[in-house]
Every structure is written in structure tokens, then in C-alpha cells.
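Accompanying notes for the structure given below.
Residue numbers (the numbering used here): 15 to 79.
Shown next, in the form of C-alpha cells:
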């Protein structure tokens with residue numbers, strides 16, 4: 015993934031990035047106030063050269079309304 019607006023890696027200056035999803039039940043982000051929510055997976059964008067994580071996004075924000 016080489017997005018046009020992606021800044022260079024802060025750790026190594028690399029410009030090649032990839033995305034990965036953490037989606038097992040232990041790694042999901044859960045709403046604090048909802049006991050029976052299934053939560054949402056996290057999407058990581060990381061440098062392909064050194065592995066530095068440049069962003070973490072919640073995949074499904076509707077779980078938090």
C-alpha cells in the first residue's frame with residue numbers, strides 16, 4: 015500500500031506500507047459501557063521495511079454507539 019498522502023515511516027524513513035487486521039476475540043476493542051458487545055477488530059498500518067506501526071484504526075465504529 016503506497017497511499018499518496020502517507021507520510022514516510024518515522025522510524026526508518028521507508029515509504030512502503032501494508033495493512034493487517036487483529037481479529038481474534040482477545041484482541042478486539044470493546045466498549046466500556048456495553049457488557050454484551052462483540053467489539054471490533056483493529057486495523058494496523060505498518061512499515062514493510064522495519065515493522066513500525068504508523069496507525070491503528072477501529073474497523074467497525076458502530077459497535078460503540
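Yeah, the Cβ is synthetic: ideal placement off N, Cα and C, and Gly gets one too. Nothing here was measured: the structure is a model prediction, and the numbers come from that model.
If you look at residue 28, you'll find it isn't in any beta strand (DSSP E); DSSP assigns it neither H nor E. In the DSSP assignment, residue 61 falls within the unbroken beta strand (DSSP E) covering 56-61. Close CB contacts of residue 68 within its chain, under the 7 angstroms cut and outside five residues either way in sequence, are with 23, 31, 59, 60 and 61 (chain order). Annotation for residue 37: no beta strand (DSSP E) segment contains it, and DSSP assigns it neither H nor E.
Remark: C-beta atoms of residue 77 and residue 51 approach each other more closely than 8 angstroms.
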